[in-house]
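A.B. asks: Residue numbers (full-length UniProt numbering): 1 to 292.
#1: Counting only runs that start and end within the region 131-191, where is the alpha helix (DSSP H) found for 4 or more residues in a row?
#2: Check the DSSP bridge columns for residue 104 and list the partner residues they point to.
#3: Do the CB positions of residue 247 and residue 161 come within less than 8 Å of each other?
#4: Is DSSP giving residue 68 helix, strand or coil here?
#5: I need the boundaries of the alpha helix (DSSP H) containing residue 281, first residue and last residue.
#6: Taking 8 Å as the threshold (C-beta atoms), are residue 113 and residue 234 in contact?
#7: So if DSSP puts residue 198 in a beta bridge, which residue, or which two residues, is it bridged to?
#8: Report the rounded CA-to-CA distance for residue 251 versus residue 194, giving the unit in angstroms.
#9: Using the Cα positions of residue 73 and residue 62, report the straight-line distance between them to the nearest angstrom.
#10: Rank 136, 90 and 152 by C-alpha distance to the C-alpha of residue 272 and give the top, closest one.
#11: For the alpha helix (DSSP H) that residue 272 lies in, which residues bound it at each end?
#12: Look at the Cβ atom of residue 192, then the Cβ atom of residue 220, and state whether they are nearer than 8 Å.
#13: Using three-state DSSP, classify residue 42 as helix, strand or coil.
#14: How should residue 10 be labelled, buried or exposed, when 16 other C-beta atoms within 10 angstroms of its C-beta is the threshold for buried?
#15: So what does DSSP say about residue 206, is it helix, strand or coil?
#16: Given a cut-off of 8 Å, decide if residue 12 and residue 82 are closer than it, judged by their beta-carbon atoms.
#17: Could you check whether residue 228 and residue 198 sit closer than 8 Å to each other, using their CB atoms as the reference points?
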């Protein structure tokens, strides 16, 4: 078996961010900040830490500020250099040096599967990572790096997974799976069930916004039947992929924040602020002073 490496990461970022209106009326949801970095940058840094050298953004109209953020900014850099603000200058420059970034448009909001399909020509015939910017994973070893290390061993598609207990499982895609006897973090997938009722869920293993997929997924996405609203669901494409090759879940180590939800975003902001070496101590003191 030829061992392939994960070099490319796809970021579906064409959504309208309606859950955060009016903030996202003119600003892409992916550019909302946790402390001092936009959501999308956390994901890009995670992909780079996992060994990805090419980042592919699937965008839509109104996302130009995201492109500007990862581009060089001559005026800003010249201003910082003139004022001898070397630390801030390095911060500004480091963003544009993270990776090679390319962009492709999703002309209509036709589902996550369709967004991934838009990256087909840029990905080519090789396995690739998919990261959803809404899911921020705080982990000692970055989540995607954990998954890449597992992929290097099994050379199969991998779906990031976490245990979700109780009724909350109905908000997720769910894995019908069995733990691998050699590695309990790996889950051999038999089927995927989208948002099951709690009593119908085949397990408590939910799918989160981290994937490593083989290029055959593109063939599956081109031939599956669109669902409600004419959308192509990535879950349906992976279900079709199961008919041809093995797919695994992967129980990562770390804490996931659903930053696409207001409550989750606020919690992530507090957690990341507390971890910030400059802000954390004083922020913690202030929190303790609140009449909660």
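Glycine included, every Cβ here is placed at the ideal spot set by N, Cα and C.
C.D. replies: If we stick to the structure as given:
#1: 143-154
#2: Position 104 of the chain shown, counted from the first residue, corresponds to residue 104. Looking at the DSSP assignment, residue 104 forms a beta bridge with 58.
#3: Position 247 of the chain shown holds residue 247. Position 161 of the chain shown holds residue 161. Against a cut-off of 8 Å, the Cβ pair of residue 161 and residue 247 comes out as no contact.
#4: For the purposes of this step, residue 68 is taken as the residue at position 68 of the chain shown. Helix.
#5: On the chain shown, residue 281 is found 281 positions in, with the first residue counted as 1. Counting along the chain, the alpha helix (DSSP H) containing residue 281 begins and ends at 280-289.
#6: Position 234 of the chain shown, counting from 1, holds the residue named residue 234. Position 113 of the chain shown, counting from 1, holds the residue named residue 113. Cβ atoms of residue 234 and residue 113: closer than 8 Å.
#7: Counted from its first residue, the chain shown places residue 198 at position 198. DSSP, once it has assigned bridges, lists no residue as partnering residue 198.
#8: For this step, residue 251 is matched to residue 251 along the chain shown. For this step, residue 194 is matched to residue 194 along the chain shown. For residue 251 and residue 194, the distance between alpha carbons rounds to 18 Å.
#9: Counting from one through the chain shown, the residue named residue 73 turns up at place 73. Counting from one through the chain shown, the residue named residue 62 turns up at place 62. The straight-line gap from Cα to Cα measures roughly 19 Å.
#10: In the chain shown, the residue the question calls residue 272 occupies position 272. Cα-wise, what sits closest to residue 272 is 136.
#11: Here residue 272 refers to the residue found at position 272 when the chain shown is read from its first residue. That run of the alpha helix (DSSP H) goes 262-275.
#12: Looking up residue 192 in the chain shown gives position 192. Looking up residue 220 in the chain shown gives position 220. Between residue 192 and residue 220, the CB-CB gap reaches or exceeds 8 Å.
#13: On the chain shown, position 42 is the one that residue 42 refers to. Note: residue 42 maps to helix in three-state DSSP.
#14: Position 10 of the chain shown, counting from 1, holds the residue named residue 10. By the 10 Å Cβ count, residue 10 comes out buried.
#15: Mapped onto the chain shown, residue 206 falls at position 206. In this structure, residue 206 counts as strand in the three-state DSSP scheme.
#16: Within the chain shown, the letter at position 82 stands for residue 82. Within the chain shown, the letter at position 12 stands for residue 12. For residue 82 and residue 12, no; Cβs fall outside 8 Å.
#17: Counting from 1 along the chain shown, the entry for residue 198 is found at position 198. Counting from 1 along the chain shown, the entry for residue 228 is found at position 228. No, the pair does not count as a contact, with Cβ atoms beyond the cut-off.
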